[in-house]
Amino acid sequence: MLYYNAMASVGALGGWDRLHDRPVGAVFIRLTPLMLGGPYYRARERSAALGVLYDLFDHSFKVFWNLLAFDRYL
Numbered sequence: 010m011l012y013y014n015a016m017a018s019v020g021a022l023g024g025w026d027r028l029h030d031r032p033v034g035a036v037f038i039r040l041t042p043l044m045l046g047g048p049y050y051r052a053r054e055r056s057a058a059l060g061v062l063y064d065l066f067d068h069s070f071k072v073f074w075n076l077l078a079f080d081r082y083l
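For the sequence shown, the numbering used here assigns the number 83 to the last residue and increments by one with no breaks.
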């Protein structure tokens, strides 16, 4: 049996930009309308994800998208 799902994810990014010698930090929310797979298959494929990212240091919003993403269950 295949699993078709949608997913909303929230995350944070952080680090140091050596090129510009400054910290980098952001929070984001991503909506994935179509996922195929699950724990039984030990893999999941996500497609057409759209997200919004807020840059904590630039105080700006950015929109991003992922055409395809592949996850493996351990």
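For every residue, glycine included, the Cβ atom is placed at its ideal position computed from N, Cα and C.
{"query": "Beta strand (DSSP E) segment containing residue 73, residue limits", "result": "69-81"}
{"query": "Assumed close pair residue 37, residue 20 - CB separation to whole angstroms, cut-off 8 Å", "result": "6 Å"}
{"query": "Assigned exposure category for residue 39 - 16 Cβ within 10 Å defines buried", "result": "buried"}
{"query": "Residue 63, DSSP secondary structure in three states", "result": "strand"}
{"query": "Which listed residue (31, 77, 13 and 50) has its alpha carbon closest to that of residue 67", "result": "31"}
{"query": "Residues that DSSP places opposite residue 3 in a beta bridge", "result": "Since the first residue shown for the chain is 10 and the last is 83, residue 3 is missing from the structure and cannot be characterised."}
{"query": "Per DSSP, cross-strand counterpart(s) of residue 40", "result": "17 and 59"}
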